[in-house]
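Offset between the sequence shown (1-based) and the working numbering: plus 304.
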Amino acid sequence: MGETAATHVVNNSDANRFEILVDGQLAGYTTYHRNHARIVFIHTEIDERHRGRGLASALARHVVEDATARDLTIVPVCPVVAGWLRKHPDAPANVDWDAATALTAEAKKTDTAG
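Here is the structure:
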């Protein structure tokens, strides 16, 4: 068990998600919506077989770095991405916290209205 699994993150733009692969197999993803110079990170999911290995944090770091490199404004609706950004306030990302709060509140209203 001393070996470290190889991880790799890819942008699957057809599915609007970044995927994290472990030894070539899908282990999790972060979904997003892209609108001009903004990217809204919606949800992160890690397969239960791969939880507890830091993959969600690695994926969040990657999506933030990718958005920053492409000069996109990040709207972190996803709690994983938002949590990573809060833990790393020195990350040079452009973040729209107000939009994230508004979108999260709207989603909660929609969930409880049904």
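Quick reminder that beta carbons are idealized off the backbone N, C-alpha and C, glycines included.
Closest in alpha carbon position to ALA409, among LYS391, ASP394, CYS382, VAL367, is CYS382. Contact holds between the stretch 360-373 and the stretch 394-402, because three or more Cβ pairs, one in each stretch, are under 8 Å apart. DSSP places ARG365 in the uninterrupted alpha helix (DSSP H) bounded by 359-373.
In the structure shown, the three-state DSSP call for LEU407 is helix.
Looking only at ALA406, THR335, ALA341, HIS312, the smallest Cα-Cα distance to VAL326 is reached by HIS312.
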